[in-house]
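Asks:
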Amino acid sequence: MTNKKINVACFGEVLWDTFVDGNRRAGGAPFNVAYHLSKMGVEAYMISSIGDDRLGAELLEKIRNWNISTAGIQISDQFPTSQVLATMDENNEAQYEIVEGVAWDYIEALPQDKAKVSTLDALVFGTLAARNERSRNTLLELVEKSPFNVFDINLRPPHYDVTLIKQLLHKTQLAKFNKAELRLILDFLGKSYQDEVDSIRFIQDTFGIMEVIVSKGSKGALYVCKDAIYNYPTIPISVKDTVGSGDSFLAGFISKRLEKNSTAQEIMSNAVSLGAFITAQQGACPDYSLTDFLSFSEQSQVNPIKMDY
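Per the working numbering: the sequence shown ends with 378, consecutive numbering throughout.
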């Protein structure tokens with residue numbers, strides 16, 4: 070998609086999503102983002118930790134087979150590889166039971182990872198992997214090294230801390246929320262909800278964030294950059310499941326946003342198209358090629374509505 074190779078680090082959880090039928094799928098929000106970035110032609114560098122166990126070995130092999138660098142994935146001899154029990158509700162929305170005390174709760178701040186992050190185009194992270202002090206401190210060191218921090222809020226109750234969220238927002242250049250998270254952050258800040266534009270302005274002014282994206286499911290997505298707001302409609306598809314749809318949306322956004330001279334329309338088209346493309350398939354990381362996605366995207370073009378800021 071670009072002549073200059075884009076390089077992005079993703080920090081946080083890599084795990085197995087285990088379903089009630091016994092099937093397992095590799096997952097974790099930052100890893101899902103890394104997977105789709107790789108599919109978009111971006112060099113993805115995953116920083117995480119797995120256990121020195123059979124599940125960890127299987128996960129590492131799968132990641133290598135997907136041509137994602139494992140150089141930043143630590144192997145713990147003290148804590149197990151993470152498994153998450155995933156169930157689907159009647160609306161095809163995933164519900165997760167997230168076990169604590171797993172390897173990615175204890176990601177070390179290694180000198181090589183800090184050096185690597187300082188040379189890359191962006192660092193992507195969320196709140197879940199910061200629930201434990203060890204990984205939290207590692208993340209705080211990494212955001213200081215990164216030239217462009219992408220904060221995917223991705224709140225998983227009760228695994229987040231309001232004080233930490235505020236601290237990370239102050240270090241963020243691009244923040245991603247869904248509709249519910251946007252309202253919740255306003256509650257944390259003691260601000261009443263008026264509308265989306267007012268909410269985004271308030272967050273930008275409070276934390277000095279230049280760019281904000283809000284995913285709204287069937288209602289599309291918003292992108293705020295500099296002095297403009299773009300409202301991008303959703304692409305009509307037959308929903309297979311919504312697992313990882315927000316992660317693929319973010320990967321589609323980042324991969325185009327970090328290209329030189331991309332327009333807001335091109336960025337949002339890529340983001341919304343990839344989110345829809347993945348939602349129409351089974352699982353967060355289905356097998357597909359860039360050609361498959363581009364074919365879908367070319368047939369699914371819609372235009373953004375530029376709103377008054």
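Idealized CB from N, CA, C, for every residue including glycine.
Please confirm if the segment 234-250 is in contact with the segment 125-145, defined as three or more CB-CB distances below 8 Å between the two stretches.
Replies: At 8 Å Cβ cutoff, the stretches do not touch.
Asks: Taking the C-alpha atoms as reference points, what is the distance between E367 and D296?
Replies: Against the sequence shown, residue 367 aligns to sequence position 298. Against the sequence shown, residue 296 aligns to sequence position 227. Answer to the nearest angstrom: the Cα atoms are 28 Å apart.
Asks: Can you give me the C-alpha to C-alpha distance between S145 and G97, rounded to a whole angstrom?
Replies: To locate residue 145, count along the sequence shown from 1; it is residue 76. To locate residue 97, count along the sequence shown from 1; it is residue 28. Rounded to the nearest angstrom, the two C-alpha atoms are 18 Å apart.
Asks: Counting along the chain, where does the alpha helix (DSSP H) carrying M115 start and finish?
Replies: On the sequence shown, residue 115 is found 46 positions in, with the first residue counted as 1. M115 -> not in any alpha helix (DSSP H); beta strand (DSSP E) instead, spanning E112 to G120.
Asks: Can you tell me where the beta strand (DSSP E) holding Q143 begins and where it ends?
Replies: For this step, residue 143 is matched to residue 74 along the sequence shown. Run containing Q143: I142 to S145, per the beta strand (DSSP E) assignment.
Asks: Under three-state DSSP, which class holds A353?
Replies: Position 284 of the sequence shown holds residue 353. If DSSP states are grouped into helix, strand and coil, A353 belongs with coil.
Asks: How would you call H105, buried or exposed, if buried means at least 16 neighbouring beta carbons within 10 angstroms?
Replies: Within the sequence shown, the letter at position 36 stands for residue 105. So H105 counts as buried.
Asks: For H239, I'd like the list of residues in its chain whose CB is within less than 6 Å of its CB, leaving aside the five on either flank, ordered along the chain.
Replies: As a working note, residue 239 is residue 170 in the sequence shown. F276, listed in sequence order.
Asks: Roughly how many angstroms lie between the CA atoms of S118 and A172, to the nearest whole one?
Replies: The residue given as residue 118 occupies position 49 in the sequence shown. The residue given as residue 172 occupies position 103 in the sequence shown. Spanning the two alpha carbons is a distance of roughly 5 Å.
Asks: Would DSSP call M70 helix, strand or coil?
Replies: One-based indexing of the sequence shown puts residue 70 at position 1. Confidence at M70 is low in this model, with a pLDDT of 45, below 50, so its placement is unreliable and no value can be given for it.
Asks: Taking the runs of the beta strand (DSSP E) that are 3 residues or longer, which of them lie wholly in the segment 179-204?
Replies: As far as the segment 179-204 is concerned, its whole beta strand (DSSP E) runs of at least 3 residues are 191-194.
Asks: According to DSSP, is L258 helix, strand or coil?
Replies: Residue mapping note: residue 258 aligns to position 189 of the sequence shown, counting from 1. Three-state result, L258: coil.
Asks: Can you tell me whether DSSP reads G321 as helix, strand or coil?
Replies: Within the sequence shown, the letter at position 252 stands for residue 321. Reduced to three states, the DSSP call for G321 is helix.
Asks: Starting from K235 and walking both ways along the alpha helix (DSSP H), at which residues does that stretch end?
Replies: Locating residue 235 in the sequence shown gives position 166, counting from the first residue. Here the alpha helix (DSSP H) through K235 covers V231 to L238.
Asks: Helix, strand or coil for D267 per DSSP?
Replies: Residue numbering aside, residue 267 sits at position 198 when the sequence shown is read from its first letter. In this structure, D267 counts as helix in the three-state DSSP scheme.
Asks: Between G125, K108, G315 and I336, which lies nearest to Y292 when the distance is taken from Cα to Cα?
Replies: For the purposes of this step, residue 292 is identified with residue 223 of the sequence shown, where counting begins at 1. Among G125, K108, G315 and I336, the Cα nearest to that of Y292 is on I336.
Asks: Would you kindly report the start and end of the unbroken alpha helix (DSSP H) that includes L129?
Replies: Indexing the sequence shown from 1 puts residue 129 at position 60. From DSSP, the alpha helix (DSSP H) with L129 extends over R123 to N134.
Asks: Where does the unbroken alpha helix (DSSP H) through F220 begin, and where does it stop?
Replies: Locating residue 220 in the sequence shown gives position 151, where the first residue counts as 1. Counting along the chain, F220 falls outside any alpha helix (DSSP H), though it belongs to the beta strand (DSSP E) covering N218 to D221.
Asks: When the Cα atoms are used, what is the spatial distance from D230 to Q273?
Replies: Taking the first residue of the sequence shown as position 1, residue 230 is located at position 161. Taking the first residue of the sequence shown as position 1, residue 273 is located at position 204. So the two alpha carbons sit approximately 20 Å from each other.
Asks: Taking the alpha carbon of T360 as the point to measure from, which residue in N218, G110 and L327 has its own alpha carbon closest?
Replies: Counted from its first residue, the sequence shown places residue 360 at position 291. Nearest C-alpha to T360: G110.
Asks: Ends of the alpha helix (DSSP H) at V283?
Replies: Within the sequence shown, the letter at position 214 stands for residue 283. First-last for V283: E280 to S284, but that is the beta strand (DSSP E), not the alpha helix (DSSP H).
Asks: By DSSP, does S151 sit in helix, in strand, or in coil?
Replies: Taking the first residue of the sequence shown as position 1, residue 151 is located at position 82. It is a strand residue.
Asks: Please return the same chain residues whose Cβ sits closer than 7 Å to the Cβ of I304, not counting the five positions on each side in sequence.
Replies: Here residue 304 refers to the residue found at position 235 when the sequence shown is read from its first residue. Result list for I304: V341, S342, A345, S369 and V371, in chain order.
Asks: Measuring alpha carbon to alpha carbon, tell me which of A95, P216, F365 and I176 ends up nearest V153.
Replies: Taking the first residue of the sequence shown as position 1, residue 153 is located at position 84. Considering only alpha carbons, the answer is A95.
Asks: For T207, which residues from the same chain have a beta carbon less than 6 Å from its beta carbon, with the 5 sequence-adjacent residues on both sides left out?
Replies: Residue mapping note: residue 207 aligns to position 138 of the sequence shown, counting from 1. Around T207: I176 and A178.
Asks: Residues in the same chain with beta-carbon distance under 6 Å from V212, minus the five sequence neighbours each way, listed in chain order, please.
Replies: Within the sequence shown, numbered from 1, the residue matching residue 212 stands at position 143. Taken in chain order, the residues that qualify are N218 and K240.
Asks: Going by Cα to Cα distance, which pick from D356, V83 and K108 is closest to G321?
Replies: To locate residue 321, count along the sequence shown from 1; it is residue 252. Ranking D356, V83 and K108 by Cα distance to G321 puts K108 first.
Asks: Identify whether H105 lies in helix, strand or coil by the three-state DSSP scheme.
Replies: Taking the first residue of the sequence shown as position 1, residue 105 is located at position 36. H105: helix per DSSP, three-state reduction.
Asks: Grouping DSSP H, G and I as helix and E and B as strand, with all else coil, what is L224?
Replies: By 1-based counting over the sequence shown, the position of residue 224 is 155. In the structure shown, L224 sits in coil (DSSP, three-state: anything other than H, G, I, E or B).
Asks: With DSSP as the reference, identify every bridge partner of E166, one or two as the case may be.
Replies: As a first step, residue 166 must be located in the sequence shown, where it is residue number 97. BP columns for E166 point to L154.
Asks: Pull up the DSSP beta-bridge partners for T303, would you.
Replies: On the sequence shown, residue 303 is found 234 positions in, with the first residue counted as 1. In the DSSP output, where bridge partners are listed per residue, T303 has none listed.
Asks: Distance check for A113 and M70, CA to CA, integer angstroms please.
Replies: By one-based count along the sequence shown, residue 70 stands at place 1. By one-based count along the sequence shown, residue 113 stands at place 44. Confidence at M70 is low in this model, with a pLDDT of 45, below 50, so the placement of that residue should be treated as unreliable; the coordinate-derived value is given next. Distance between the alpha carbons of M70 and A113 is about 15 Å.
Asks: Could you please give me the residues that DSSP links to N247 through a beta bridge?
Replies: If you number the sequence shown from 1, residue 247 lands on position 178. Answer is S284.
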